[in-house]
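S.K.: First, the structure itself, so that you have it in front of you.
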Amino acid sequence: MAVIFQLEECLTLADEVSNRIKEYLLGGNANSTTFRKRTVSSNDVDNLDAEKHVGIREWDPLLAQQNYLVNEESVSPPSWLSSCLFATYSNMDYVLLMNEQRIVVLSRFEIFSMTVGLDVFGEIFYKVLGYVMSDYITCGCLFGLGSRRVSETLDCMLVAVGLSNGYVAFLTERGTLLFYERFCVDAITAVVFDHFPDTQQLMVVTEVDFFSVNPVMLHSTLLQAKVSIAKGEKSAKELSETLEIECLRLEPEQRVKIRNTVFTGVHKQTCFEQYVTASLTSFHQRDFRPDLPKYSTYLFTSDRMFTTFIWHSEAESDKIWSEAIKIGKSIVPHFGIRQFLGLSPANQRKSALSLSRRVAVSRGVLGDSRTAEFISRAPRPLIAIVDHAARVILIDTVHRQIIRIWKGYRGASVSWLTSSHEGRTALYLAIYAPRRALLEVWNVQSGVRVGAQHVDPGGMLVEGGAASILCRCQDGRQQTDSFFIDANLSLNIMNPSILLEVFSTLRTQKARKQFLLSLLPMVENTEEFKELLENIIKVSLGNSKNTSIVTGKNKSNSKLVFQIDSCDSLGDLPDMILNLLIIYNRIVDYHGQPKKQCDFGQLPFNERAVVIIQKHLEFGESIEVDLLKPGKFFSIIDWQAPTTAIFDKNLSTIDLQHLAYLIFSPVLSGSVDLHTFIDSVIDPLPVSMEHLSSLLSFYFIKDHSSIGETVFSRFIDLIAYFESVHNGAVDSYERAAIESTNLNRALLMFSACCIVKQRCDDWETFDPRCEYADCTLMTMHAAWLVAQLQGTAAYSQLLTGGGGFFREQVAVWVAELEFTVDQLDEYIKDHESLSELCSLLPLTLSPTLLRCDVGWELMTHWFKEKTKRFEIIKLAFSYISKVNDARLKHGIARMVWDNFLAEPFRVLVQLIEKIGRGPKESEARQILQVPEQRLEISIFLSYGTYYVSFHIEFLTECQNILIMLMDAVRDSPPPVSVPVDHLLEVALSHPPTAAMHGSASRDSLVEIASRQQLVNYHLVLHHVHLCMALRLQLSVGLRLQPLRILFCSIGQRAFFQQLDSHPLIPLDRVDDSVLEKRHQFITKISEQGTDNDRKLARDLAYQWNLTVDSIAVMQIICFLRMGDDTNASRELANVTPTEKLIRAIVRLLAARVIRLVEEENVVITIAHSNYLSDIAGDESLRVEWEGSTWREAVLSLGWMIAALPPEYHHYFMRIGGILLQYFGLQIVD
C-alpha cells in the first residue's frame, strides 16, 4: 500500500477564543500565568540528560523552560495547551481542557466544521459539591452515553473528572452535574474509558490500586440521574447519596506504586497459565467449567518494574447465589422480604470506598531499569511506551512481548493512526521528538519509516480519541487519526540567519538534504529564499566549487537531471532548486504581461456547427484564480527522479487546477508567444511531456469559465505541439472529451481535436469525416442542452444509450418536477433550452415517445417516494394514457404491471382470501410499503369524489392499468419501428476514434416496450373482474373469500398467470352455484354500499351478465330519499316494479305527507297520524327535497305513482284519501 505522509490543516483555534479559554482556565485573571501541569513523580535517574540538544530550544522562542508551575508569557495555544490536562473524543470532535477546578469543552460542531465553539462550565466544584479551595482536578476523560432508543445511538456527551480528594464526578457536555462517587481518600491519578468489540470498562486509577466499574450499572445510574435532574425531581447530591454503581477494586500482588494502568481487553489464557493460577489460589480446590474462562487483562507500570500484566476473572460473580446460600452473607438480594421483616440495614447503599481490595494475579513481568513516562494503547493489541532512556517500546499485549524498539527519542510523545484502502487497514505509529522538532510516521508491521517532517518544536502530538459510547457496540475497525497542534509557523516569520545556523548544526549531509527539502513547502518569498539558498550552498560547498545554474536558455541546450546523489554531498540539489526558482519567477512574470488577441480562422465545420462553437466559447463567467504559491509548487516536484509524474502524486483537484493555471494560463491568454513559452518553460520544466499534456487536458476540462477565441486558438496550437512531441496526444484529448461530464468544454475539446486532425490529415472539402464531425458536435450540443435540465452526463453515456439517452434525461427532469401532461407541453414551448433540444431532435423527442419514458420514470418512484406513491402512480398513468401508439401504450403498461404492481396485487389478494376480510392497516402497509402517516386518500372518479383506504386505492390503480392493457390490444396493434433523427443516426454510426472500442449500445425503453408480447384480452378482463369485486368487498366491509365464492375452480387457476398466457377462462359462463353467490354478493352491495359502490356493482353485474334489479331498486330509493325525483323516474322506467319497490315508495310517500302536515300546520285525526307514522317509520327523518315546498314533493311523487301499472295503485289508496281529505290532492283514482 503506497503511503503519502503530509500534515493537513484540520482545526483552527482563533486568537480571541484561545485567549478566552486561557483566561478562564487561569481563574478569570488575565494577569495570572500559572498552569498546574500534569506530571508524574520519577526517580533521580529521570533527570539525567545524556542526549545533547541540537539547538532548537535556543533559537525557537516557542519552547520555554518548563517547571512544575509553568510560566507562559506567550498566548500561543501550543505553549499553554501542553501545560493543562487534555482529553479528546472521536477524532477531536470534542476536546476537554482542565486546570485546577475549571474545565472547558471545545466542539467543532458549534459553528462550522473548520472552527471550534467555546462552551465553558460553571464553577460547580464549590457551589454543588462544596469542596475546599485546595482540591483540584487531576484527570478526566470524554465518552458518550448510549441512548435507550433504537433509532438513536448517542444520548449525550459525558465528562468524567477525577479530583485530588478521591472523588470522580460525571457531567454532561453542557456542565450539568449528574452523579459523583468517592473511590479513595487520596488523589485519582487517571479516569479512562476503554472499549473493545466485545467489552467495555471504565477504570478509576489511584496510586496503589484501581477500580473496574461495571458499564451496564453505570449506564443505568447515569441515565436515571439525567432523567431525574431534567424533570427537577432530585438534585445531583441526592442522587449520589441514593444511587450506586457496581465496581471491583483490584490491587497488584506486588503492592507497588502505580504510574500508568491500561485495560488490554478480555483474553482466554492457556491451560498452563490456568493451572498456575489455580495452584496459587488453592492447591486442593477443584472447579469444573465447561470451557476455559476469559480474563480481563491489564498492563500497569511502576517505579520498580517497567511493565506488569495482571488479570482477574469475573466468573466468581456467577457463583454469588451458591456461595451466599452456603455462608449466609448479607449480599443476598432480598426483594423486599428482609426489609418487610425489619432485617435490612438503615443505609443499604454500597460506596466504592468501602469495597475490599482483591489481589490481581501478575503474569508477564517485563522488569528492568526502565521507567515509563508516556503510554498509548493502539486499536489493535499493541501498546507503545516511551521510557526515560529515550526509547519508544512496542509491546504485544496478547503474547506479552516487546516486539520493536526505537532509540533516540527523549521526551517524545506517540500516537496511533490508521489508513484504509480497498478493505485493508494499516496501522501506523506517529512519534514526535520535540528536541529535534521532528514528526515521524512508522509502519508498525514492517518497521519502516514512511515519512518525516520538521514541525513546530513548541507543538504537541495528540490522539484524536475514539468514539466510545457507554453500552453501545463499537466497531473494531474504527479509524484512528492523530493531530499535531502547532502555532501555524511558516517561512516568512523565520529569520534566515537562524535557519542557516540550524543548517550548519546538522552533522550529516543526509540530514542537511532533508532539512533543505523540508523548507521548500514553506517558501512564500522567492527572493529571500534565493538568498538563503545561496548562503546554504556556500556553507555546504565552501569556495572549492562554483555553482552553475543550467537552464533551457543555455547554448548547450542541456536539460536538468533531477537526481540526488548518494554520496556525502548535496550534489546538484541546490542548483536544481535555483533552476526551478528561476522558472517559477519567469512564469509569474509572464502572468503580468499584456494579452494579445487572435482568432482561430476558418473552421472545417458547417455553419450551424460554427455557431454552436461560438456559443460555447461565450458560455461561462470570468473566474479569478490565485497563483500557486512557490512552496506548493516546490512540494509538487519529485526531487529524487529525473522527471515528475504529476498524476502519480495523488494531488487534489484544486492543486492540479492551480498548477495548470500557473503553467498554461500565460500562453493560453496570449501573454507570451507559444515558441518562447516552449523554450523557456516547457522544455526546462522537470515534468514529463505525457503528464504535461494530461495536465492541460485536465485543466481545460475542469475549468468552467468563458474562454473566447484567443484561448481556443492557443489551445489548438498546444494540442498540435503535444501531438508532434508525443504521438497519441490527440486521441487522449478526444478520449477525455468523450468521458468528461463538462459537456461545454468537452465539445470545444473535441472540435479542437478535429481541427488538429484536419490540419495533419488535410481533409478534403467534401470529406465524409466533416459530416461525421458536424453531427457529433451537434449531438454533443444536444447533450449539453439536456445537462442544463438534469444533472451532468458524459458523451460516452450517450453513445451507449442512443436516442433513449435524451428521453431518459428529460424524463428524469420531468419526474422530479412532477409536471402534468399539459404543463409539460406548455413548458416545451416556453423553455429556451428544451425548445432548442426538441428542434434538434424532433423524432427522438416526439410527444408519444417522450410520454413513454416520463410515465416509466414516474413509476420508478414507486420505490423512491413512498410518501407520495399513489399520487405519482396517477401522474404516471396520465402520461401512459396519452400515448397515441397502441403498441407502445401496451408495452409500457405491461412493463409497469409486471415490474411494480403484479406482485403486491397477488400478495394482497391472497391475504384477503386467507383472512376473509380487508387487511389490517399494518398488514396492508407491509404489503404496499406505505408510510404510517398515510391514513386515507381522496379518489376522484367520473361520478364523484370520496375517501378510501390506501389498499382500495391500490386496487383502483390496478384496475386502471389493466383497462389500459385491454384497450391497447383490442384491435391487435402491429409492431412499431422507433424513429431516429438523421443527426443522431450519423453520430452514433460513426463515433469518435477513442470510443470505437467502448461498450455496446443498449436498447432504449421504447424499443423494449415495442417488443413486449401482446396480453390475452380475456385474461386481463378476468383480473379486472377480480379488482372490481375486491374493491366492493373492502369498501362495504363484507367477510368472504372472493376467489372461492365468486369464481369457479377454473377461473381461480387463471389468476396471477403471465398476462400473455392463454389459460381457460370461464368469465360469465360459470355453474349455477357460483352464479347464485354472485347474485347474493351484488345484492349485499346494493343494500349496504354507498351510491358509488352501487354504480361500480352495476358495472360488475353487467360484466358478469347478471339480470339483477336490486341495484336499480336501491338506486331509485336513494334518489327518492334525496329528493332527486328526475333521476328516480328515469331509473324507474327501466325497472320492472316489484312488491319490495312498491312498499318502499309507499313509505317514502307517507314520510313526505308527514313533512307536508308539519309544513302547513294542518290538524289531522289521531288515527290518520298514527297510520302515517307506522307506515313511514324512520323515512320521515331521512327524506329530503330539493324544491321549495313539500306540496311540490308530494305532487312529484304522485306523478311517478300514477305512471305505475294499475295493479299497484291499491297500495296508495288510503294515503291518497288522506291527501284528498286534508289537502285536496289526488294522486290515484
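Going by UniProt numbering, the sequence shown opens with residue 1, and the numbers climb by one from there.
All residues carry an ideal CB built from backbone N, CA and C; glycine is no exception.
1) At 3 residues or longer, and completely inside the stretch 402-443: list those beta strand (DSSP E) runs for me, N to C.
2) Figure out for me which residue from A160, L145 and G144 has the closest Cα to the Cα of I137.
3) Taking G451 and D486 to be in contact with their CB atoms under 8 angstroms, please state how far apart those CB atoms are, rounded to whole angstroms.
4) Taking just the CA atoms, how far does L743 sit from E16?
5) Nearest-angstrom Cα distance between Q453 and D648?
6) By the DSSP assignment, the alpha helix (DSSP H) with P215 in it spans what residues?
7) So, at 6 angstroms on beta carbons, what are the nonlocal neighbours of H1209 in its own chain, with the 5 sequence-adjacent residues on each side left out?
8) Just list the residues that DSSP pairs E621 with in beta bridges.
9) Using DSSP with H/G/I as helix, E/B as strand and the rest coil, what is G195?
10) Output needed for P574: all residues of its chain with C-beta closer than 7 angstroms, excluding positions within five of it in sequence on either side, in chain order.
11) CB E1186 to CB D1099, shorter than 8 angstroms?
12) Provide the residue span of the beta strand (DSSP E) that contains P252, from first to last.
13) Let me make sure I understand the geometry here. Which of R149, R259 and I637 has the alpha-carbon closest to that of T206?
14) Looking at C-alpha atoms only, which residue of W1199, E734, R249 and L718 is the closest neighbour of I682?
15) Along the chain, where does the beta strand (DSSP E) containing Q453 start, and where does it finish?
16) Since H675 is in the alpha helix (DSSP H), which residue starts that stretch and which ends it?
17) Can you tell me which of H890, E832 and D655 puts its alpha carbon nearest to the alpha carbon of D626?
18) Taking buried to mean at least 16 other C-beta atoms within 10 Å of its own C-beta, is H421 buried or exposed?
19) Between the Cα of R148 and the Cα atoms of L382, T1136, S220 and E238, which residue gives the shortest distance?
20) Let me check one thing: in DSSP terms, what residues is V95 bridge-paired to?
21) For A384, which residues does DSSP report across the bridge?
22) Since I believe L461 is in contact with F484 (beta carbons under 8 angstroms), could you give me their beta-carbon distance rounded to a whole number of angstroms?
23) Can you tell me the Cβ-Cβ gap for V412 and S482, rounded? I've got them flagged as a contact below 8 angstroms.
24) Using the Cα positions of L145 and L222, report the straight-line distance between them to the nearest angstrom.
25) Taking only runs of the alpha helix (DSSP H) that begin and end inside the stretch 773-806, which ones reach a length of at least 4 residues, in chain order?
26) Within a Cβ cutoff of 8 angstroms, which residues of the same chain sit near S622, ignoring the five residues on either side of it in sequence?
27) For a test of the three-state rule: what should DSSP assign to W856, helix, strand or coil?
28) Name the residue from I1201, P768 and R410 whose alpha carbon lies nearest to the alpha carbon of L438.
29) What distance in whole Å lies between the Cβ atoms of M305 and V361, which are believed to be in contact at a cut-off of 8 angstroms?
30) Are three or more beta carbon pairs between the stretch 849-864 and the stretch 872-889 nearer than 8 angstroms?
31) Taking the alpha carbon of L1067 as the point to measure from, which residue in R1053, K1095 and H1018 has its own alpha carbon closest?
32) Report all residues from its chain with a CB closer than 7 angstroms to the CB of Q1013; omit the five preceding and five following residues, and keep chain order.
33) Considering only C-alpha positions, which residue in the set K920, L1021, S90 and R1121 is nearest to L1197?
34) With three or more C-beta pairs closer than 8 angstroms as the rule, is the stretch 896-907 touching the stretch 953-961?
35) Taking Cβ to Cβ, would you say F183 is nearer than 8 angstroms to G166?
36) Would you kindly work out how many angstroms separate the C-alpha atoms of A729 and H982, rounded to a whole number?
M.R.: For this structure:
1) 413-421, 424-433 and 438-443
2) Walking along the sequence shown from the start, residue 137 turns up at place 137. Answer by Cα proximity: A160.
3) To locate residue 451, count along the sequence shown from 1; it is residue 451. To locate residue 486, count along the sequence shown from 1; it is residue 486. Not a contact, Cβ separation roughly 17 angstroms.
4) On the sequence shown, residue 16 is found 16 positions in, with the first residue counted as 1. On the sequence shown, residue 743 is found 743 positions in, with the first residue counted as 1. Using only the alpha carbons, I get a separation of about 47 angstroms.
5) If you number the sequence shown from 1, residue 453 lands on position 453. If you number the sequence shown from 1, residue 648 lands on position 648. Taking the straight line joining both Cα atoms gives about 21 angstroms.
6) As a working mapping, residue 215 is identified with position 215 in the sequence shown. P215: member of the alpha helix (DSSP H) spanning P215 to K231, first to last residue.
7) As a position in the sequence shown, residue 1209 is number 1209, starting the count at 1. The beta carbon of H1209 is closer than 6 angstroms to those of V1228 in its chain, skipping five residues each way along the sequence.
8) Indexing the sequence shown from 1 puts residue 621 at position 621. Answer is S705, bridged to E621.
9) The residue given as residue 195 occupies position 195 in the sequence shown. Inspection of the sequence shows that residue 195 is occupied by His rather than by Gly. Three-state DSSP puts H195 in a strand.
10) Taking the sequence shown and counting its residues from 1, the one referred to as residue 574 is at position 574. Within the same chain, P574 has close Cβ partners L533, I536, I537 and T547.
11) As a first step, residue 1186 must be located in the sequence shown, where it is residue number 1186. As a first step, residue 1099 must be located in the sequence shown, where it is residue number 1099. Contact: no.
12) Counting from 1 along the sequence shown, the entry for residue 252 is found at position 252. Segment C247 to P252, the beta strand (DSSP E) holding P252.
13) The residue given as residue 206 occupies position 206 in the sequence shown. Nearest of R149, R259 and I637 to T206, Cα basis: R259.
14) Along the sequence shown, read from residue 1 onward, the residue named residue 682 stands at position 682. Distance from the Cα of I682 is smallest, within the candidate group W1199, E734, R249 and L718, for L718.
15) The residue given as residue 453 occupies position 453 in the sequence shown. Residues R449 to H454.
16) Here residue 675 is taken as the residue at index 675 of the sequence shown, counted from 1. That run of the alpha helix (DSSP H) goes L674 to F677.
17) Mapped onto the sequence shown, residue 626 falls at position 626. D626 has its Cα closest to that of D655, out of H890, E832 and D655.
18) Taking the first residue of the sequence shown as position 1, residue 421 is located at position 421. Under this definition H421 is an exposed residue.
19) Taking the sequence shown and counting its residues from 1, one reaches residue 148 at position 148. When only C-alpha atoms are compared, the closest one is S220.
20) Position 95 of the sequence shown, counting from 1, holds the residue named residue 95. Looking at the DSSP assignment, V95 forms a beta bridge with T88 and L106.
21) For this step, residue 384 is matched to residue 384 along the sequence shown. Answer is S376 and L394.
22) Stepping through the sequence shown from its first residue, residue 484 is reached at position 484. Stepping through the sequence shown from its first residue, residue 461 is reached at position 461. Right, their Cβ atoms sit about 5 angstroms apart.
23) Mapped onto the sequence shown, residue 412 falls at position 412. Mapped onto the sequence shown, residue 482 falls at position 482. Here residue 412 is Ala; the residue named in the question, Val, does not match the sequence. Their Cβ separation, rounded to whole angstroms, is 13 angstroms, which puts A412 and S482 out of contact at 8 angstroms.
24) Looking up residue 145 in the sequence shown gives position 145. Looking up residue 222 in the sequence shown gives position 222. Computed Cα separation, rounded: 8 angstroms.
25) 795-801
26) Your numbering for residue 622 matches position 622 in the sequence shown. So the list reads S705 and S706, once near-sequence residues are dropped.
27) Taking the first residue of the sequence shown as 1, we reach residue 856 at position 856. Helix.
28) Counting from 1 along the sequence shown, the entry for residue 438 is found at position 438. If we check each option's Cα against that of L438, R410 comes out closest.
29) For the purposes of this step, residue 361 is taken as the residue at position 361 of the sequence shown. For the purposes of this step, residue 305 is taken as the residue at position 305 of the sequence shown. Actually they do not touch by this definition, with Cβ atoms about 15 angstroms apart.
30) Segment contact: the stretch 849-864 against the stretch 872-889, three or more CB-CB distances shorter than 8 angstroms; contact assigned.
31) Start at 1 with the first residue of the sequence shown, and residue 1067 comes out as number 1067. Comparing Cα positions, the closest option is H1018.
32) Numbered from 1 along the sequence shown, position 1013 holds the residue referred to as residue 1013. D1060, listed in sequence order.
33) Position 1197 of the sequence shown, counted from the start, is the residue given in the question as residue 1197. If we check each option's Cα against that of L1197, R1121 comes out closest.
34) yes
35) Stepping through the sequence shown from its first residue, residue 183 is reached at position 183. Stepping through the sequence shown from its first residue, residue 166 is reached at position 166. In contact: F183 and G166 (Cβ atoms closer than 8 angstroms).
36) Along the sequence shown, one-based indexing puts residue 729 at 729. Along the sequence shown, one-based indexing puts residue 982 at 982. Near 31 angstroms, if we compare the C-alpha coordinates of H982 and A729.
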